[in-house]
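Q: Structure incoming, see below.
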Amino acid sequence: RATADGEPQRAATAARAAFPGPPVVLPARDGTPLRCWAVGPEDAPAVAVVSACGMPVGLAVPWLAALSDRYRVVTWESRGLFAADDGSGLGAQPAHDLDAQSDDVLAVLDGFGIGHAHALGLCGGAVIALSAAARSDRVSSLSLWHGDWELGAEAPKTAHQHDIASLLALVARGRPQAAAMHRLMSRPTALQALRPDIAHYLIHPYATPELLHRYGLLNGALMTADCRRLLDAPQPALVVTSGRDTTAHPAGSAFVARHLPRARLCSLPEGDHLTAFDAGDELVALAREFLHSVTVPDRRAT
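Going by my numbering, the sequence shown opens with residue 1, and the numbers climb by one from there.
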């Protein structure tokens with residue numbers, strides 16, 4: 001049947017905009033409401049996408065779309081940084097330590113009735129994923145993409161990591177400090193460096209003084225957690241970085257891969273930090289190959 005010019009494209013655009021649909025609000029183990037999503041066949045192996053702290057679900061959508069044909073893919077937005085749809089606002093400020101954030105991985109699995117899952121962690125989400133794996137064998141395997149690791153003197157950090165850590169420490173001190181910094185960051189010159197196609201996601205944790213303060217607490221907890229204590233996690237792991245990542249130093253990922261008992265490092269020649277969220281063909285193929293190796297019994301035995 002003939003269709004009007006542009007109709008298929010409009011339909012495809014509308015479908016992409018609607019994906020992954022409205023959130024399901026699930027309780028964290030401490031009662032904090034979490035905005036969660038699940039896509040893909042309910043009887044398929046599960047993948048928990050642990051996105052960067054403070055980022056709206058839209059930033060993780062490429063990964064959800066890429067994997068949900070073969071996997072049950074779940075994700076959620078950071079605790080305390082997203083208001084409920086009922087107009088009640090952000091709610092009380094929840095716990096922000098790494099244990100609370102990694103417990104959210106297990107709470108989301110509980111909420112969707114999932115026993116075990118692969119955890120795919122991006123940026124600071126890699127720290128949450130590894131922490132959950134170190135605490136529970138319900139995380140059956142890991143892929144850690146461009147992780148932002150605190151490893152003491154074992155690995156250098158980029159200038160960006162040092163700058164963000166200082167910013168987070170400042171705004172975490174209190175709401176007056178966050179409000180003062182928010183005024184500075186609201187200037188047009190502070191926004192020019194954001195990648196235009198995803199700027200509306202990247203700006204969320206900086207959008208108001210309250211969000212900035214909470215983000216300082218949440219992401220600050222991730223950036224200051226000594227990840228060396230997590231490196232006994234026994235699950236098979238894929239650790240991915242790129243020599244072109246000037247956001248999270250690739251040496252951190254290399255150290256993590258060397259010290260995890262069952263890890264493999266993949267250092268890509270191309271790709272910066274943000275392209276990890278794009279779920280391009282090469283990255284998806286890498287993820288699929290690893291997921292196949294840890295979810296198909298016959299391949300695990302070879």
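We treat Cβ as the ideally placed atom computed from N, Cα and C, and that holds for glycine. Remember, it's a predicted structure, so these values are computed and weren't measured experimentally.
1) Helix, strand or coil for Asp86 per DSSP?
2) So Val50 packs on Leu106, CB below 8 Å; how close in whole Å?
3) In or out: Asp298 buried (at least 16 other Cβ within 10 Å) or exposed?
4) Since Thr295 is in the alpha helix (DSSP H), which residue starts that stretch and which ends it?
5) For Asp226 versus Thr246, is the C-beta distance shorter than 9 Å?
6) Determine the direct distance from the alpha carbon of Met55 to that of Arg138, and round the result to whole angstroms.
7) Pick helix, strand or coil for Gly121, following the three-state DSSP scheme.
8) Taking all protein chains shown into account, do 16 or more other C-beta atoms lie within 10 angstroms of the C-beta of Ser166, making it buried, or fewer, making it exposed?
9) Which residue marks the beginning of the beta strand (DSSP E) containing Arg175, and which one marks its end?
10) Could you name the residues of the same chain whose beta carbon sits closer than 8 Å to that of Pro33, not counting the 5 residues immediately before and after it, in chain order?
11) For Arg228, does the three-state DSSP call read helix, strand or coil?
12) On the premise that Ala66 lies in contact with Arg284, defined as a C-beta separation below 8 Å, what is that separation, rounded to the nearest angstrom?
13) Any idea what DSSP makes of Trp149, helix, strand or coil?
14) What does the Cβ neighbour count give for Gln192, buried or exposed, with the cut at 16 atoms within 10 Å?
15) Give me the Cα-Cα distance between Ala174 and Ser267, rounded to the nearest whole angstrom.
16) Where do the N-terminal and C-terminal ends of the alpha helix (DSSP H) with Ser102 fall, by residue?
17) At what residue ranges does the stretch 31–80 contain a whole run of the beta strand (DSSP E), taking only runs of 3 or more?
18) Quick one: what does DSSP say Ala237 is sitting in, helix, strand or coil?
19) With distances taken between CB atoms, is the gap from Gly125 to Ala38 smaller than 9 Å?
20) How many Å lie between Ser68 and Glu154 at the Cα?
21) Can you tell me whether Thr302 is helix, strand or coil according to DSSP?
22) Give the straight-line distance between the Cα atoms of Gly89 and Ala129, rounded to the nearest whole angstrom.
23) Taking the C-alpha atoms as reference points, what is the distance between Arg363 and Ser253?
24) Would you kindly report the start and end of the unbroken beta strand (DSSP E) that includes Ser136?
A: Short version:
1) Position 86 of the sequence shown holds residue 86. Coil at Asp86, not helix or strand.
2) In the sequence shown, the residue the question calls residue 50 occupies position 50. In the sequence shown, the residue the question calls residue 106 occupies position 106. At roughly 12 Å, the Cβ-Cβ gap does not stay under 8 Å, so Val50 and Leu106 are not in contact.
3) On the sequence shown, position 298 is the one that residue 298 refers to. Low local confidence applies: a pLDDT of 44 at Asp298 is under 50, so the model's placement there is unreliable, with the coordinate-based value given in what follows. That one is exposed.
4) Here residue 295 refers to the residue found at position 295 of the sequence shown. Start and end: Asp281 to Thr295.
5) If you number the sequence shown from 1, residue 226 lands on position 226. If you number the sequence shown from 1, residue 246 lands on position 246. Cβ distance not < 9 Å, so Asp226 and Thr246 don't count as in contact.
6) Numbered from 1 along the sequence shown, position 138 holds the residue referred to as residue 138. Numbered from 1 along the sequence shown, position 55 holds the residue referred to as residue 55. Cα to Cα, Arg138 sits roughly 25 Å from Met55.
7) As a working note, residue 121 is residue 121 in the sequence shown. Gly121: strand per DSSP, three-state reduction.
8) On the sequence shown, residue 166 is found 166 positions in, with the first residue counted as 1. Label assigned to Ser166: exposed.
9) Taking the first residue of the sequence shown as 1, we reach residue 175 at position 175. Per DSSP, Arg175 belongs to no beta strand (DSSP E); it is in the alpha helix (DSSP H), Arg175 to Met185.
10) Taking the sequence shown and counting its residues from 1, the one referred to as residue 33 is at position 33. Once the five neighbours on either side are set aside, the close Cβ partners of Pro33 are Val25, Leu26, Pro27, Ala84 and Gly91.
11) Numbered from its first residue, the sequence shown carries residue 228 at position 228. Arg228 falls in the helix class under three-state DSSP.
12) What you label residue 284 is simply residue 284 of the sequence shown in a count that begins at 1. What you label residue 66 is simply residue 66 of the sequence shown in a count that begins at 1. Residue identity differs from the one stated: residue 284 is Val in this sequence, not Arg. Correct: roughly 5 Å between the Cβ atoms.
13) Along the sequence shown, read from residue 1 onward, the residue named residue 149 stands at position 149. In the structure shown, Trp149 sits in coil (DSSP, three-state: anything other than H, G, I, E or B).
14) In the sequence shown, the residue the question calls residue 192 occupies position 192. Exposed, by the Cβ-count rule.
15) For the purposes of this step, residue 174 is identified with residue 174 of the sequence shown, where counting begins at 1. For the purposes of this step, residue 267 is identified with residue 267 of the sequence shown, where counting begins at 1. The sequence as given places Gly at residue 174; Ala does not occur at that position. Near 39 Å, if we compare the C-alpha coordinates of Ser267 and Gly174.
16) Along the sequence shown, one-based indexing puts residue 102 at 102. Segment Leu98 to Gly111, the alpha helix (DSSP H) holding Ser102.
17) 33–39, 46–50 and 72–76
18) Taking the first residue of the sequence shown as position 1, residue 237 is located at position 237. If DSSP states are grouped into helix, strand and coil, Ala237 belongs with the strands.
19) Residue 125 sits at position 125 when you count from the first residue of the sequence shown. Residue 38 sits at position 38 when you count from the first residue of the sequence shown. No. Outside cutoff.
20) Here the question's residue 68 lines up with position 68 in the sequence shown. Here the question's residue 154 lines up with position 154 in the sequence shown. Ser68 and Glu154: Cα-Cα distance of roughly 37 Å.
21) In the sequence shown, the residue the question calls residue 302 occupies position 302. Its pLDDT being 34, under 50, Thr302 is placed unreliably by the model, and the measurement read from it follows with that caveat. Three-state DSSP puts Thr302 in coil, outside helix and strand.
22) Residue numbering aside, residue 89 sits at position 89 when the sequence shown is read from its first letter. Residue numbering aside, residue 129 sits at position 129 when the sequence shown is read from its first letter. Using only the alpha carbons, I get a separation of about 28 Å.
23) Here the chain comprises residues numbered 1 to 302, so residue 363 is not present and cannot be evaluated.
24) To locate residue 136, count along the sequence shown from 1; it is residue 136. That residue, Ser136, is in no beta strand (DSSP E); it is neither H nor E in DSSP.
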